[in-house]
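Enquirer: First the structure, which I've put down as structure tokens, then a few questions once you've had a look.
Residue numbers (the numbering used here): 92 to 337.
Put into structure tokens, the structure is as follows:
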């Protein structure tokens, strides 16, 4: 990758990390489609898993005021189990088809949350388990399940810092699990490993900046902007795939 392209990629990854931290959806919701402009989809899955490991460790370190142990179990365990299933299934789908699925998923989740701004799940055991399972399988199959996990966690009215720390711990388990499967599937390449230290710095800086922004503004003030960005990225991704098919 040329220096100019690498710099652009790093800047966009940093933006994804900042917005993902502030919006509460996680960076992968932006990072996966952005990285898709630079790498093939299977490589994106492997790179995203490595990037998210750094991102979640940064969040756990910077938002260490507390976390919800019960939700880590009821959401985290099904999420980890189903992310393995989703990651395993990726080898049976064409990467172009997965990119179309991702675009449709981004458009659908953003439109639903924009229309139903007060959409909330009930804080029940069933919803926490099913939300964890659904977020896990989408994370494994499409590279991003943060929006579903965020919607599930929002049902329990956690403080911002506890919300982010709890989500990061669950996501850490998800990323460790899918990284093993992606590696066995051959999605992690030696020639991409130079990106790891760059993305580590991006994750730390992006999380730090996101935390500073959260102190000045509420998550709600950013949520509509974030959702419009997700919708735009989804539309661009879908448009590119349709154009490539014609």
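We treat Cβ as the ideally placed atom computed from N, Cα and C, and that holds for glycine.
By the DSSP assignment, the alpha helix (DSSP H) with residue 303 in it spans what residues?
Expert: Residues 286 to 307.
Enquirer: Round the Cβ separation of residue 332 and residue 191 to the nearest angstrom and send it over; I've been treating them as touching at under 8 Å.
Expert: Contact holds; Cβ gap of about 5 Å.
Enquirer: Do the region 236 to 246 and the region 129 to 139 touch if we need at least three Cβ pairs shorter than 8 Å?
Expert: Because the criterion of three Cβ pairs below 8 Å is not met, the region 236 to 246 and the region 129 to 139 do not touch.
Enquirer: Nearest by alpha-carbon distance to residue 219: which of 166, 268, 253 is it?
Expert: When each option's Cα is compared against that of residue 219, the closest is 166.
Enquirer: Can you find the residues in the same chain that come closer than 7 Å, C-beta to C-beta, to residue 216, ignoring five residues on each side of it along the sequence?
Expert: The answer, listed in chain order, is 165.
Enquirer: In this structure, how does DSSP classify residue 131 when only helix, strand and coil are distinguished?
Expert: Note: residue 131 maps to coil in three-state DSSP.
Enquirer: According to DSSP, is residue 242 helix, strand or coil?
Expert: Three-state DSSP puts residue 242 in a helix.
Enquirer: Here's a check: name, in chain order, each residue in its chain whose Cβ is nearer than 7 Å to the Cβ of residue 213, leaving out the five neighbours to either side.
Expert: If we look at residue 213 and ignore the five residues flanking it on each side, its Cβ neighbours are 246.
Enquirer: What residue range does the alpha helix (DSSP H) around residue 207 cover?
Expert: Careful: residue 207 lies outside any alpha helix (DSSP H) and carries neither H nor E.
Enquirer: Among the residues of its own chain, which have a CB less than 6 Å from the CB of residue 263, if the five just before and after it don't count?
Expert: Cβ neighbours of residue 263 beyond the five flanking positions: 147.
Enquirer: Please return the same chain residues whose Cβ sits closer than 6 Å to the Cβ of residue 84, not counting the five positions on each side in sequence.
Expert: The requested residue 84 is not part of the displayed model; the chain covers only 92 to 337.
Enquirer: Would you call the CB atoms of residue 222 and residue 239 closer than 8 Å?
Expert: Yes, these two residues count as a Cβ contact at 8 Å.
Enquirer: For residue 368 versus residue 237, is the C-beta distance shorter than 8 Å?
Expert: With the chain represented from 92 up to 337, any question about residue 368 goes unanswered, as that position is not in the structure.
Enquirer: Hey, how far is the Cα of residue 268 from the Cα of residue 175?
Expert: Approximately 6 Å between the Cα atoms of the pair.
Enquirer: Give the secondary structure of residue 235 by DSSP, where H, G and I count as helix, E and B as strand, and everything else as coil.
Expert: In the structure shown, residue 235 sits in coil (DSSP, three-state: anything other than H, G, I, E or B).
Enquirer: Whole angstroms is fine: what's the gap from residue 179's alpha carbon to residue 140's?
Expert: C-alpha separation (whole angstroms): 14 Å.
Enquirer: Going by beta carbon distance, what residues of the same chain come within less than 8 Å of residue 283, once the five residues before and after it are set aside?
Expert: Closer than 8 Å at the Cβ level, and outside the excluded window around residue 283, lie 130, 134, 137, 138.
Enquirer: Would you give the residue range spanned by the alpha helix (DSSP H) that residue 161 belongs to?
Expert: Element bounds for residue 161: 160 to 165.
Enquirer: Of all the options 242, 321, 232, which has the alpha carbon lying nearest to the alpha carbon of residue 177?
Expert: Checked all of 242, 321, 232; the closest Cα to residue 177 is 232.
Enquirer: Once DSSP output is grouped into helix, strand and coil, what is the label at residue 329?
Expert: If DSSP states are grouped into helix, strand and coil, residue 329 belongs with the helices.
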